[in-house]
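> Quick one: the structure is below, and I'll ask about it shortly.
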Amino acid sequence: MSPANLVEITNLNIHFGANRVIDNVSMALKQGEITTLIGPNGAGKTTLVKAVLGLLSPTSGMINRSPTLRIGYMPQKLQIDTTFPLTVERFLKTAAFASAEDRLQALQSVRAEALLKQSVHSLSGGEMQRVLLARALLRKPELLVLDEPAQGVDINGQIELYNLIASIRDRYNCSVLMISHDLHLVMAATDQVICLNRHICCSGHPEQVSTDPSYIELFGVPGAENLALYSHHHNHQHNEHGDIVPLDDDQEHDHSSCGGHH
Amino acid sequence: MADFLLFALLGGVGVALVAGPLGSFVVWRRMAYFGDTLAHSALLGIAVGVLFDINFNLAVVSCCVILALILVSLQRQKLVATDTLLGIMAHSSLSLGLVAVALLDDVRVDLMEYLFGDLLAITPDDLLWIYGGGGIVMLLIWRLWNPLLAVTINEELAQVEGVPVTRIRLALMLLIGVVIAIAMKVVGILLITSLLIIPAASARRLANSPEQMAVIASLLGVVAVFLGLYASWNFDTPAGPSVVVAALAQFLLLYSLPIRRSA
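As you go down the protein sequences, you meet chains A and B in turn. Under numbering that gives the first Met the number 0, the first residue of the first sequence carries the number 0, and numbering increases by one thereafter. Under numbering that gives the first Met the number 0, the first residue of the second sequence carries the number 0, and numbering increases by one thereafter.
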């Protein structure tokens, strides 16, 4: 394992019965980099993230990470039953052995210190996401894993949240792996984008991915003027089930802008 | 005060104290049906106790614990939804218990006593089970409090943070199994879950933290036991159901009052 990589995934396959949710995925999370997973619903993004977290064991393939790697995790949605009386402070206390000062500092770094004494049931979507982020920071993570951090947050709040995540990366010098639906909102705050649809369709810098034909095929054309610049062939297509259909050999052409593993 | 009344009070108070924190988890984790299922299986424990001539308390505790273990392992399968599974187990174990008790024709088992409890017939031996078992349960809850809360908030988050989630969840189910077994004498198989969930649900109205909710639930349970026994003594009503009615009255009162909470 390269020392610059916190996590290395090699030929990962995860099957639920006959359902091949993750199909031969290889990728690496680099020290200090923000990696964003994008892909349509059912593309296996959450499954891949859970495998990285060790919540799911792979059907085959390798996930290499240091056993002492400190991970801060922010789940997609936290549904706390309203019968559970819980303030933000008490919620953070159930996390790690952190001091009151640590808790306040974590809340300050997500600009949510005013929420300390509030009930978790009274928080807005964006406030809850910040509190969850603060909890993940309490562990002083080397890797921050965020499953759709912007869920339930309005557009302005989303941009702010992604900027916050980028600033946290700089401040805590950690790597970030996150899932997002909207590439254009995360673009500015991302080093590496992986476009996932059970397998890796394409990957690379956000500008490259946003103009990659396989990305456009999944998400539509962001701006038609970009299309011509990066048009190139793929060695496979998708049928309506998202399965890979190989093209004829004479059409095959590896493109350099996409580091995908086809 | 008559001995039996003192024993009834002591038994009821012991069960109410331990039911507070555990009942809170039952409410938070929506396990009311799970509690019912375990309670219904207790009758099977009685039948087994009669059949093999073992101590009833021991037989019921073992039966509840074994059923809790079976439920935990069955919940991993995906063929039948959990609530369907619980429904099947609850009513078939109750029926199996009723059939088994009926087949033991040389022994007369007073069904009413087990279905609705017989608080006024609590013996010193029962008190030993209530305070011994209850004490162990309280000690374990105290030791496991933070991981139990973490698992209740979110199991995956807890697991990433290093909490042994499967073991904690199993521990909680076993604790509930033990409490149901020792509470059976007080309110009976059919009413046990109410003693777990009604005081906890009432306590929610007053609590601003999980700890407050657990403690207030215990206190409300104790008050309900006193009120129920008082009614039973003065109006000759059945003791177990009177305790439950008292708990219900607290619940209705607290939910009709305009209370402002901060959490």
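Yeah, the Cβ is synthetic: ideal placement off N, Cα and C, and Gly gets one too. All of these numbers come straight from a predicted model, not from anything done at the bench.
Where do the ends of the beta strand (DSSP E) carrying I62(A) lie?
Note, I62(A): beta strand (DSSP E), S59 to R64.
> Take V185(A) and list the residues in its own chain whose beta-carbon comes closer than 7 angstroms to its own, dropping the five residues that flank it on each side.
Here the set comprises T35, Y161 and S179.
> By alpha-carbon positions, which one of T192(B), M212(B) and I69(B) ends up nearest to M30(B)?
Residue T192(B) is the option with its Cα nearest to M30(B).
> Please list, in chain order, the chain B residues whose beta carbon lies closer than 7 angstroms to that of S118(A).
By Cβ distance, chain B contributes S261 and A262.
> According to DSSP, is S123(A) helix, strand or coil?
It is coil, neither helix nor strand.
> So, at 8 angstroms on beta carbons, what are the nonlocal neighbours of L103(B) in its own chain, with the 5 sequence-adjacent residues on each side left out?
Within the same chain, L103(B) has close Cβ partners A46, V49 and L50.
> Please go through the same chain and pick out, in chain order, the residues whose beta-carbon is closer than 7 angstroms to the beta-carbon of C62(B), but skip the five residues on each side of it.
Here the set comprises S40, A41, L43, G44 and V47.
> Going along the region 159 to 191 of chain B in order, which residues come within less than 7 angstroms of chain A, judged by CB to CB distance?
From the region 159 to 191 of chain B, only V159 and E160 have a Cβ closer than 7 angstroms to chain A.
> Anyone know if the C-beta pair for V175(A) and L143(A) falls short of 8 angstroms?
The answer is yes: Cβ separation under 8 angstroms.
> Identify the continuous alpha helix (DSSP H) that holds V14(B) and give its terminal residues.
Note, V14(B): alpha helix (DSSP H), D2 to W27.
> Which of the three DSSP states is assigned to C173(A) in this structure?
DSSP places C173(A) in coil when its eight states are reduced to three.
> Would I175(B) pass as a contact of L66(B) if the rule is Cβ separation under 8 angstroms?
No, the pair does not count as a contact, with Cβ atoms beyond the cut-off.
> Based on Cα-Cα distance, which residue from I158(A), L11(A), D22(A) and T67(A) lies nearest to M61(A)?
Among I158(A), L11(A), D22(A) and T67(A), the Cα nearest to that of M61(A) is on L11(A).
> Considering only residues of the same chain and omitting the five flanking positions on each side of Q9(B), which have a CB-CB separation below 7 angstroms?
Sequence inspection shows Leu at residue 9(B); the Gln mentioned does not correspond to that position. Here the set comprises L126.
> Whose C-alpha, out of P205(A), Q30(A), Q78(A) and H14(A), is nearest the C-alpha of L47(A)?
Selected option, being the one with the closest Cα: H14(A).
> M26(A): which of G16(A), S1(A) and P39(A) sits nearest, CA to CA?
Ranking G16(A), S1(A) and P39(A) by Cα distance to M26(A) puts S1(A) first.
> Please decide whether I258(B) counts as near chain A, where near means a Cβ-Cβ distance under 8 angstroms.
With 8 angstroms as the cut-off, I258(B) does not count as an interface residue toward chain A.
> Compare the Cα-Cα distances from A246(B) to each of P257(B), E210(B), D235(B) and A200(B) and report the closest residue.
Out of P257(B), E210(B), D235(B) and A200(B), A200(B) has the C-alpha closest to the C-alpha of A246(B).
> Are the C-beta of G11(B) and some C-beta of chain A separated by less than 8 angstroms?
So, not an interface residue.
> List, in order along the chain, the chain B residues whose C-beta lies closer than 9 angstroms to that of A263(A)?
One cannot answer for residue 263(A) here, as it falls past the ends of chain A, which runs 0 to 261.
> For P205(A) versus Q211(B), is the C-beta distance shorter than 8 angstroms?
The answer is no: Cβ separation not under 8 angstroms.
> From W141(B) to L156(B), what distance separates their C-alpha atoms?
Computed Cα separation, rounded: 21 angstroms.
> Are I70(A) and P140(A) closer than 8 angstroms when you measure CB to CB?
Yes. Within cutoff.
> Going along the region 15 to 40 of chain B in order, which residues come within less than 8 angstroms of chain A, judged by CB to CB distance?
Under the 8 angstroms Cβ criterion, the region 15 to 40 of chain B contributes V26, W27, R28 and R29.
> Could you check the C-alpha separation between K77(B) and R138(A) for me, to the nearest Å?
Computed Cα separation, rounded: 34 angstroms.
> Identify, in the order they occur along the chain, each residue of the same chain with its Cβ nearer than 6 angstroms to the Cβ of I215(B), setting aside the five sequence neighbours on each side.
The answer, listed in chain order, is A202, L205 and A206.
> Considering only their Cβ atoms, is the gap separating L110(B) from V100(B) smaller than 8 angstroms?
Yes, Cβ-Cβ distance for V100(B) and L110(B) is below 8 angstroms.
> Ignoring anything shorter than 3 residues or poking outside the region 103 to 172 of chain A, list the beta strand (DSSP E) runs there in chain order.
DSSP runs (the beta strand (DSSP E)) wholly in the region 103 to 172 of chain A: 142 to 145.
> Which residues, in chain order, does the region 200 to 216 of chain B contribute to contact with chain A at a C-beta distance below 8 angstroms?
Cβ contacts with chain A: A200, R203, A206, N207, S208, P209, Q211 and M212.
> Are the region 52 to 60 of chain A and the region 77 to 91 of chain A touching by the rule of at least three beta carbon pairs closer than 8 angstroms?
No contact exists between the region 52 to 60 of chain A and the region 77 to 91 of chain A.
> Can you grab the Cα-Cα spacing for the pair A188(A) / L143(B), in whole Å?
So the two alpha carbons sit approximately 40 angstroms from each other.
> Which first and last residues belong to the alpha helix (DSSP H) in which F218(A) is found?
That run of the alpha helix (DSSP H) goes P212 to F218.
> Would you be able to state if there are at least three C-beta pairs under 8 angstroms between the region 180 to 192 of chain B and the region 115 to 129 of chain B?
Output reads yes: the region 180 to 192 of chain B touches the region 115 to 129 of chain B.
> Per DSSP, Q264(A) is paired with what?
The question about residue 264(A) has no answer here: the residues shown for chain A are numbered 0 through 261.
> Quick one: is A17(A) buried, meaning 16 or more other Cβ sit within 10 Å of its Cβ, or exposed?
Per the 10 Å Cβ criterion, exposed.
> Just tell me which of V60(B), T36(B) and Y113(B) has its CA closest to the CA of T81(B).
Among V60(B), T36(B) and Y113(B), the Cα nearest to that of T81(B) belongs to T36(B).
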